[in-house]
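The structure appears right after this line, and notes come after that.
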Amino acid sequence: MPRHSKLDEAMKAGDYLEKFFDRVRMEKIERLVYEAKANSLSSNSDDANKVASLAHSFFQFSKKFENNSIPSSHPSPQKFISSVGLFYGWLKGVEEKFDNQFGDNILPQIEGALEAMEETLRIAGADTPSPSIIDILDKVISAKFARLASYMLQRRKETVNNVLSARETITIGDEYDVQDLYRAVLSMYCDTIVSEDYVPAFAGVKRSRVDLYVPEHQLFVEFKMTKADLGQKEVIGQLNEDRALYPSHPGCSFLYAFIFDPTRKIADPQAIHTAFDGINKTGGGREIKMKVFILQEPVAS
């Protein structure tokens, strides 16, 4: 591509990003930084301190894109694109690692900035970073699972022996139904999915089988569906066993737990996120990442 075309694309992309990080948005982010700092001072907790520090870094990083002229602010189109890519990568890691600690104020700003940078890279003719497998689990499958299950109930009706009835379908009655439907969708994104792979016994916890294993991502996916005898206390007990047991499998680097709670048996989801999300050290000294997704949405019939 001719140099002037790359320059034109980069300048258009820079204009777009300038409009995103306008004065109103930057003032709002700055206010959120002050709020995070105040919360950090009042609580003096490690999580609050980390959030305040990351919020401040987010604000300072964003300020670099208030003026995107080339070459006065960025020496070349390539340098501008590289800076956007670095910011995107850093912020993506921050979102994945601390999304449950940010709360409802800062997180939407971070998600909006990520979308804006993806669009900036597209306008600049650069490769848009591919979504991670955890993005796909979170945003494509887990968040929309109840809607997907609802669509499965809306089957075509036909007359058989003068009786009008809907075709057979899958209904979500227990965690095995959840697993079957989830796997069907996940198979569109992963070439190999192993069901109920055995995990060696560890530290007195009996030998078990993980629900789904995705070797290409060293990912284990565990499913739970709340019911009368499976509420928050029981879910926490099972997650503790999962965290202790599954990392003993040599192919496990990430443990993802999808908890379908359509009747809201879990009273305090945040307590579960705080206890399990993030990097966990196993009894064998290994570090693995773990994330819990709790969906409290009924399946509409």
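Start counting the sequence shown at 4; every next residue gets the next number (the numbering used here). Positions of the beta carbon are idealized from the N, C-alpha and C atoms, including for glycine.
**Request:** Determine the closest residue to Ile84 out of His276, Ala270, Lys292 and Leu10, with distance taken between C-alpha atoms.
**Result:** Leu10
**Message:** For Leu222, list the residues DSSP reports as bridge partners.
**Reply:** Note: Leu222 sits in a beta bridge opposite Val217 and Phe257.
**Nearest-angstrom Cβ-Cβ length linking Val188 and Leu222, presumed shorter than 8 angstroms** = That belief does not hold up - the Cβ atoms of Val188 and Leu222 are roughly 15 angstroms apart, past 8 angstroms.
**Asked** Taking only beta-carbon atoms, is Ile196 less than 8 angstroms away from chain D?
**Response** No chain D is part of this structure, which consists of one protein chain only.
**Prompt:** If we count Cβ pairs, one from each stretch, closer than 8 angstroms, do we get three or more for the segment 154-171 versus the segment 234-251?
**Reply:** no
**Separation of Ser8 from Ile126, as counted between CA atoms** = Their Cα atoms are separated by approximately 12 angstroms.
**Request:** Only counting runs of 4 or more residues, tell me where the alpha helix (DSSP H) segments fall wholly within the segment 60-144, in order along the chain.
**Result:** The qualifying runs are 80-126.
**Asked** Under the three-state reduction of DSSP, which class applies to Gly234: helix, strand or coil?
**Response** coil
**Request:** Measure the CB-CB distance between Asn71 and Gly128 and report whether it falls below 8 angstroms.
**Result:** no
**Request:** Return the first residue and the last residue of the alpha helix (DSSP H) that Phe296 is part of.
**Result:** It is not in any alpha helix (DSSP H) - Phe296 instead sits in the beta strand (DSSP E) that spans Glu290 to Leu298.
**For Ser46, the first and last residue of its enclosing alpha helix (DSSP H)** = Arg26 to Ser46
**Prompt:** What's the gap between the Cα of Leu35 and the Cα of Leu110?
**Reply:** 10 angstroms
**Request:** Could you please give the first and the last residue of the uninterrupted beta strand (DSSP E) stretch that includes Ser168?
**Result:** Judged by DSSP secondary structure, Ser168 falls within the beta strand (DSSP E) whose first and last residues are Val166 to Ala169.
**Prompt:** For Ser198, which beta-bridge partners are listed by DSSP?
**Reply:** Leu215
**Boundaries (first-last residue) of the beta strand (DSSP E) holding Thr162** = Lys160 to Val163
**Item:** Three or more C-beta pairs below 8 angstroms linking the segment 84-97 and the segment 28-46
**Value:** Contact fails: fewer than three Cβ-Cβ distances are below 8 angstroms.
**Item:** Three-way DSSP call (helix, strand, coil) for Lys53 in this model
**Value:** helix
**Request:** Tell whether a beta-carbon distance below 8 angstroms holds between Val181 and Phe263.
**Result:** Going by C-beta atoms, Val181 is nearer than 8 angstroms to Phe263.
**Secondary structure of Ile269, DSSP reduced to three states** = coil
**Prompt:** Which residues mark the beginning and the end of the alpha helix (DSSP H) in which Gln182 is found?
**Reply:** Under the DSSP assignment, Gln182 falls in the alpha helix (DSSP H) whose first and last residues are Glu178 to Leu189.
**Asked** Which value, in whole angstroms, describes the spacing of the CA atoms of Leu44 and Tyr91?
**Response** 29 angstroms
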